[in-house]
Amino acid sequence: MSVDRSTKVHFDCLNESRVKGDLYSVYFGLGHCIELIDDPAVFKVSLAGEAFGSLIARYVTEECKGFRFLDLGTGSGVHSLLLKSMGAISVTGSDISREAVAAAKKNEFYNFGVNTIEFACGDLFQGLPEVPEKYDLILFNPPGWRTPSDSFLEVLDRSNGEGLAIDSMFYGDRTLERFFESLPKHLIDGGKVLLGLNSLVGIRQVMRRLRDLHEERYVINCRLLERHDLPLLLYSEKWARIQDHLIEEILSWTREGDAYCSRQENGQIIWCYEIVELTLWKR
């Protein structure tokens, strides 16, 4: 049997991963366990990502498996892979990071031995395949923190060292506004969105913006499915070095009513992860 070059590249990468031992598993329940390559260029599945996946494992029924699914901000591809393991037929995953899309393809091949998920690279809905034009169910975990103040950006600029791109965690409110603006063009009438929201993004404000944009033309139903209290984690050494400034920034959002968090006696910041179901019907 001949092996084409692209398949050989997959085998080589996966064999190298096995030798290095840089794989980790994420279990979502009902026997659905996904193994992922621990790629430093891609976020590992977070506590919020695990909660989101566990909700998917309960939410997607047999009747849903014929849906057209879109997983925006797919990252490692873990939720797209979970959908496939549950029997979903049509799954598209998209991410703005080319490294993430490449990792997602490798992860699919490692778990299933074939590549059938349509992975695309683009900002939100950009770069998606033209067919299908609209989706039945869209999954989206946007950046979790809201737009930073100018004073915090100055602190970040003065800090030395490598760190995550600032828009990987900040500007979630702006990202959600752009997502809401384009959403009806890509969702079937009566289609649903599973949205993972960080209370540091300013949930009340972004949901108000959704209604301002579309309430005249659409009936919008918003339902809270789950809520989790999670600790604030600093994802890079650079952010850890300026954690006092970062915490003060977050607390200022809360004092101004633009976000929500609580602070424990030991100084730990606790935020809320909320998984919301949105449904849009044309009036």
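With this note's numbering as the guide, the letters of the sequence shown map in order to residues 1 to 283.
Think of the CB as a built atom: it goes at the ideal place given N, C-alpha and C, for glycine as much as any other residue.
- In this structure, residue 56 lies near residue 82, with their beta-carbon atoms less than 8 Å apart.
- In this structure, residue 135 places its C-beta atom within 8 Å of the C-beta atom of residue 191.
- Straight-line spacing of the CA atoms in residue 69 and residue 187 works out to 10 Å.
- Counting the other Cβ atoms within 10 Å of the Cβ of residue 106 gives 16 or more, which makes it buried.
- The shortest C-alpha to C-alpha distance from residue 167 to any of 219, 130, 96 is the one to 96.
- Each residue's CA atom was taken as its position, placing residue 142 and residue 253 some 18 Å apart.
- Residue 140 and residue 175 have their C-alpha atoms spaced approximately 11 Å apart.
- For residue 227, the enclosing beta strand (DSSP E) covers residues 218 to 231.
- Close CB contacts of residue 170 within its chain, under the 8 Å cut and outside five residues either way in sequence, are with 143, 145, 146, 147, 148 (chain order).
- Going by DSSP, residue 282 is part of the beta strand (DSSP E) stretching over 269 to 282.
- Contact check for residue 182 against residue 124 passes: the beta carbons are separated by less than 8 Å.
- Restricting attention to alpha helix (DSSP H) runs no shorter than 4 residues, the region 18 to 85 encloses them at 47 to 59, 78 to 85, ordered along the chain.
- Straight-line measurement puts the Cα of residue 219 at about 6 Å from the Cα of residue 283.
- Per DSSP, residue 250 is one residue of the alpha helix (DSSP H) stretching across 243 to 255.
- For residue 102, DSSP records no beta bridge to any residue.
- Two segments are said to touch when three or more pairs of C-beta atoms, one from each, lie closer than 8 Å; by this definition the region 234 to 248 does not touch the region 192 to 203.
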